[in-house]
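A.B. asks: Pasting a structure below so you can have a look.
Chains as they are written, first to last, in UniProt numbering: chain Z, 1 to 271; chain S, 1 to 271.
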């Protein structure tokens with residue numbers, strides 16, 4: 001198993017590569033994972049989300065245990081919403097409470113699939129080949145907005161705020177999801193502990209079926225949905241999600257005004 | 001009023017600028033509209049969507065006439081879904097029927113707001129300043145997928161397919177939306193003809209309120225929602241949407257296999 005991460009160097013360059021024994025072995029990109037020859041000590045770098053998705057496709061109702069609790073049938077096709085690129089933050093970055101929202105904010109510990117190759121109308125086998133690796137996602141939700149309007153469930157709004165898609169700390173390749181569990185702690189207390197083998201659609205099935213709905217690009221992330229144990233985070237509270245083999249993703253919820261908003265390097269803008 | 005367009009040159013370069021009397025006066029970008037000095041005859045260029053949004057925010061229920069017909073109250077905050085960047089095509093490009101979907105495909109003629117400056121938690125005045133200009137959007141929908149699953153309305157899936165967000169042909173600045181109408185024809189027959197003054201949230205209000213939900217980036221598009229007269233397009237059918245002062249956006253629905261999928265230049269990919 002290999003561990004891939006993405007960092008900001010102290011000369012403000014974004015670097016991506018394989019991490020071994022405290023050193024980053026830089027590679028050109030996730031799409032072109034060719035070594036550049038550069039080797040950098042991780043201690044001198046600031047961790048970012050391990051990829052820069054153009055979009056995050058987030059699933060609802062993809063675990064049998066949660067479907068049973070909600071008394072909903074499992075779906076025939078993945079049910080999803082889109083979280084925008086601007087919602088993505090990395091491990092240890094703060095989740096920021098929206099300035100105009102005082103309600104409950106929920107955590108959801110999830111497995112994340114990271115796409116490695118452009119993928120469109122892919123078979124399950126082709127889809128499996130297009131997966132670069134796996135990461136951890138905290139699919140944060142402004143819970144009270146979801147059904148605020150009785151005529152239109154606001155999935156994209158409730159889950160799309162800046163900083164509401166925590167991804168990290170790393171991407172693991174050759175990861176055996178069938179034997180792994182997602183363990184979420186809130187302020188040190190375990191709240192979620194569920195097996196990934198309970199998923200309705202396997203990762204390759206998700207990628208295949210979603211690639212029939214839209215082209216998936218290198219770096220895009222599919223958040224596989226959550227299971228039992230979702231709850232809300234108090235301001236100042238800290239959520240840690242651990243998947244053995246990938247690592248632990250920790251983020252703290254910060255109320256507006258408690259911290260200056262972090263400056264994030266702008267993505268390349270096209271005309 | 002100025003007209004801005006984006007093209008592919010015959011040496012495969014993306015060029016953006018102001019169009020006057022059949023010539024493109026190239027500018028650096030939408031975010032930095034500084035003349036490069038180059039002047040190119042439009043006849044030698046292939047038109048693209050006039051901007052390359054990272055995301056398209058598409059509103060539902062933003063016209064009083066449609067709300068009345070649907071017997072829904074007008075909302076207190078814009079209700080929206082996100083269409084991914086991969087769904088965007090320009091004028092004259094084909095809308096492609098998804099390979100695994102044989103159902104109804106609907107057109108929706110809409111005004112599009114094009115963001116010019118990064119915009120977050122903006123007041124209505126700041127929001128007005130962040131608008132670069134206005135374009136036309138055909139917010140295409142795989143209508144039968146929307147409520148296919150009774151437990152989860154699939155807005156992002158039904159409206160997110162590749163080629164399901166037609167944008168163009170141009171961006172008009174200093175456009176007086178209050179006096180303009182959206183006129184949609186299907187195979188030459190008028191189907192929509194509604195005044196933009198009937199909008200629930202004005203463009204600046206939309207940008208302000210949505211900027212409280214997520215950061216809007218230069219080139220992002222808000223599709224302002226549609227009004228009465230939505231209908232479905234037969235394979236081979238052609239939809240033209242005209243807004244005086246912006247132009248006419250025409251796209252034809254093409255069944256799979258009728259045409260090779262157009263190669264679209266990949267956006268810059270970040271690691």
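Built from N, CA and C at the ideal position, the CB exists for glycine as well.
Skipping 5 residues on each side, what residues in its chain have a beta carbon closer than 6 Å to that of residue 222 of chain S?
C.D. replies: Taking the second chain and counting its residues from 1, one reaches residue 222 of chain S at position 222. Cβ within range, chain order: 57, 113 and 206.
A.B. asks: If contacts are defined as beta-carbon pairs under 8 Å, then residue 215 of chain S and residue 86 of chain Z qualify, I think. What distance do you get, rounded to the angstrom?
C.D. replies: Sequence index remark: in the second chain, residue 215 of chain S carries index 215 (1-based). Sequence index remark: in the first chain, residue 86 of chain Z carries index 86 (1-based). At roughly 4 Å, the Cβ-Cβ gap stays under 8 Å, so residue 215 of chain S and residue 86 of chain Z are in contact.
A.B. asks: Does DSSP put residue 64 of chain Z in a helix, in a strand, or in coil?
C.D. replies: To locate residue 64 of chain Z, count along the first chain from 1; it is residue 64. Residue state, collapsed to three classes: helix.
A.B. asks: So what's residue 203 of chain S in DSSP terms, helix, strand or just coil?
C.D. replies: Residue numbering aside, residue 203 of chain S sits at position 203 when the second chain is read from its first letter. DSSP places residue 203 of chain S in helix when its eight states are reduced to three.
A.B. asks: Hey, is the stretch 117 to 136 of chain S in contact with the stretch 232 to 250 of chain S, meaning 3+ C-beta pairs nearer than 8 Å?
C.D. replies: Segments in contact, yes.
A.B. asks: Give the DSSP-derived three-state secondary structure of residue 130 of chain S in the structure shown.
C.D. replies: For the purposes of this step, residue 130 of chain S is identified with residue 130 of the second chain, where counting begins at 1. DSSP places residue 130 of chain S in helix when its eight states are reduced to three.
A.B. asks: Quick one: Cα of residue 6 of chain Z to Cα of residue 123 of chain Z, how far?
C.D. replies: Against the first chain, residue 6 of chain Z aligns to sequence position 6. Against the first chain, residue 123 of chain Z aligns to sequence position 123. Roughly 30 Å separates the two Cα atoms.
A.B. asks: Helix or strand or just coil, what does DSSP make of residue 5 of chain S?
C.D. replies: As a working mapping, residue 5 of chain S is identified with position 5 in the second chain. It is a strand residue.
A.B. asks: Residue 37 of chain S CB to nearest chain Z CB: under 8 Å?
C.D. replies: Here residue 37 of chain S corresponds to residue number 37 of the second chain, with the count starting at 1. No, residue 37 of chain S does not count as interfacial toward chain Z.
A.B. asks: Please tell me whether residue 152 of chain S and residue 1 of chain S are closer than 8 Å, where the distance is taken between their beta carbons.
C.D. replies: Here the question's residue 152 of chain S lines up with position 152 in the second chain. Here the question's residue 1 of chain S lines up with position 1 in the second chain. No.
A.B. asks: Which term fits residue 188 of chain Z, buried or exposed, when burial requires 16 or more other beta carbons within 10 angstroms of its beta carbon?
C.D. replies: The residue labelled residue 188 of chain Z in the question sits at position 188 within the first chain. Exposed.
A.B. asks: If the cut-off is 7 Å on Cβ atoms, which residues from the stretch 135 to 157 of chain Z count as contacting chain S, listed in chain order?
C.D. replies: Hits within the stretch, in order: 149, 151, 152, 153, 154, 156 and 157.
A.B. asks: Nearest to residue 184 of chain Z by alpha carbon, out of Z:232, Z:115, Z:89 and Z:21?
C.D. replies: Translated into positions along the first chain, residue 184 of chain Z becomes position 184. Residue Z:232 is the option with its Cα nearest to residue 184 of chain Z.
A.B. asks: Thinking C-alpha only, which one of Z:31, Z:4, Z:48 and Z:62 is nearest residue 130 of chain Z?
C.D. replies: Counting from one through the first chain, the residue named residue 130 of chain Z turns up at place 130. Out of Z:31, Z:4, Z:48 and Z:62, Z:31 has the C-alpha closest to the C-alpha of residue 130 of chain Z.
A.B. asks: By the three-class DSSP mapping on this structure, what secondary structure does residue 160 of chain S have?
C.D. replies: To locate residue 160 of chain S, count along the second chain from 1; it is residue 160. Three-state DSSP puts residue 160 of chain S in a helix.
A.B. asks: For the beta strand (DSSP E) that contains residue 26 of chain S, what are its first and last residues?
C.D. replies: For the purposes of this step, residue 26 of chain S is taken as residue 26 along the second chain, with counting starting at 1. 23 to 27 is the extent of the beta strand (DSSP E) around residue 26 of chain S.
A.B. asks: With a threshold of 8 Å between beta-carbons, can residue 247 of chain Z be considered close to chain A, or not?
C.D. replies: Absence of chain A from the displayed structure is noted, the protein chains being Z and S.
A.B. asks: I want to verify the contact list: residues of chain S whose CB lies under 9 Å from the CB of residue 3 of chain Z, in sequence order.
C.D. replies: The residue given as residue 3 of chain Z occupies position 3 in the first chain. Under the 9 Å cutoff, chain S gives no residues; its nearest Cβ is about 15 Å from residue 3 of chain Z.
A.B. asks: Going by the beta-carbon positions, is the gap between residue 77 of chain Z and residue 209 of chain Z smaller than 8 Å?
C.D. replies: Against the first chain, residue 77 of chain Z aligns to sequence position 77. Against the first chain, residue 209 of chain Z aligns to sequence position 209. Closer than 8 Å, so yes.
A.B. asks: Taking 6 Å as the limit between beta carbons, can you name the residues of its chain near residue 79 of chain S, skipping five residues before and five after?
C.D. replies: For this step, residue 79 of chain S is matched to residue 79 along the second chain. Same-chain partners within the cutoff: 60 and 61.
A.B. asks: List the residues of chain Z whose Cβ lies closer than 7 Å to the Cβ of residue 60 of chain S, in chain order.
C.D. replies: Here residue 60 of chain S is taken as the residue at index 60 of the second chain, counted from 1. Here the neighbours are 152.
A.B. asks: If we ignore side chains and look at the alpha-carbon of each, how far apart do residue 47 of chain S and residue 249 of chain S end up?
C.D. replies: Sequence index remark: in the second chain, residue 47 of chain S carries index 47 (1-based). Sequence index remark: in the second chain, residue 249 of chain S carries index 249 (1-based). Straight-line Cα distance between these residues: approximately 11 Å.
A.B. asks: Across the stretch 17 to 26 of chain Z and the stretch 34 to 49 of chain Z, are there enough close Cβ pairs to call them in contact, namely three or more that are closer than 8 Å?
C.D. replies: Contact between the stretch 17 to 26 of chain Z and the stretch 34 to 49 of chain Z is present, because at least three Cβ pairs lie under 8 Å.
A.B. asks: Can you check the stretch 23 to 111 of chain S for any beta strand (DSSP E) of at least 3 residues that lies completely inside it and give the ranges in chain order?
C.D. replies: The qualifying runs are 23 to 27, 35 to 41, 55 to 60, 79 to 84 and 105 to 107.
A.B. asks: CA-CA distance, residue 196 of chain S and residue 182 of chain S?
C.D. replies: Numbered from its first residue, the second chain carries residue 196 of chain S at position 196. Numbered from its first residue, the second chain carries residue 182 of chain S at position 182. Between residue 196 of chain S and residue 182 of chain S, the C-alpha separation is close to 7 Å.
A.B. asks: Going by other Cβ atoms of all chains shown within 10 Å of its Cβ, with 16 needed for buried, is residue 34 of chain S buried or exposed?
C.D. replies: Walking along the second chain from the start, residue 34 of chain S turns up at place 34. So residue 34 of chain S counts as exposed.
A.B. asks: Taking C-alpha atoms, which residue in S:226, S:15 and S:103 lies nearest to residue 144 of chain S?
C.D. replies: As a position in the second chain, residue 144 of chain S is number 144, starting the count at 1. Among S:226, S:15 and S:103, the Cα nearest to that of residue 144 of chain S belongs to S:103.
A.B. asks: Give the residues from the stretch 82 to 105 of chain Z that approach chain S closer than 9 Å (Cβ to any Cβ), ordered along the chain.
C.D. replies: Answer in chain order: 82, 83, 84, 85, 86, 87, 98, 99, 100 and 101.
A.B. asks: Can you find a CB in chain Z that lies within less than 8 Å of the CB of residue 79 of chain S?
C.D. replies: If you number the second chain from 1, residue 79 of chain S lands on position 79. Answer yes: the Cβ-Cβ gap between residue 79 of chain S and chain Z drops below 8 Å somewhere.
A.B. asks: At the level of alpha carbons, what is the spacing between residue 228 of chain S and residue 200 of chain S?
C.D. replies: Along the second chain, read from residue 1 onward, the residue named residue 228 of chain S stands at position 228. Along the second chain, read from residue 1 onward, the residue named residue 200 of chain S stands at position 200. In a straight line, the C-alpha of residue 228 of chain S is about 14 Å away from that of residue 200 of chain S.
A.B. asks: Between Z:194, Z:88, Z:83 and Z:52, which has its C-alpha nearest residue 226 of chain Z's C-alpha?
C.D. replies: Stepping through the first chain from its first residue, residue 226 of chain Z is reached at position 226. Nearest of Z:194, Z:88, Z:83 and Z:52 to residue 226 of chain Z, Cα basis: Z:194.
A.B. asks: Taking a Cβ distance cut-off of 8 Å, strictly less, list which residues of the stretch 42 to 55 of chain S are near chain Z, in chain order.
C.D. replies: Of all residues in the stretch 42 to 55 of chain S, 51, 52, 54 and 55 have a Cβ within less than 8 Å of some Cβ in chain Z.
A.B. asks: To the nearest angstrom, report how far apart residue 44 of chain S and residue 13 of chain S are at their CA atoms.
C.D. replies: Translated into positions along the second chain, residue 44 of chain S becomes position 44. Translated into positions along the second chain, residue 13 of chain S becomes position 13. Roughly 12 Å separates the two Cα atoms.
A.B. asks: 8 Å is my cut-off, CB to CB: does residue 201 of chain Z come that close to chain S?
C.D. replies: In the first chain, residue 201 of chain Z corresponds to position 201, counting from 1. No - not a single Cβ of chain S is within 8 Å of the one on residue 201 of chain Z.
A.B. asks: Short of 8 Å in beta carbon distance, which residues of its chain neighbour residue 22 of chain S, apart from the five on each side in sequence? Order them along the chain.
C.D. replies: The residue labelled residue 22 of chain S in the question sits at position 22 within the second chain. If we look at residue 22 of chain S and ignore the five residues flanking it on each side, its Cβ neighbours are 41, 42 and 43.
A.B. asks: Report the rounded CA-to-CA distance for residue 271 of chain S versus residue 66 of chain S, giving the unit in angstroms.
C.D. replies: Against the second chain, residue 271 of chain S aligns to sequence position 271. Against the second chain, residue 66 of chain S aligns to sequence position 66. Low local confidence applies: a pLDDT of 37 at residue 271 of chain S is under 50, so the model's placement there is unreliable, with the coordinate-based value given in what follows. Distance between the alpha carbons of residue 271 of chain S and residue 66 of chain S is about 43 Å.
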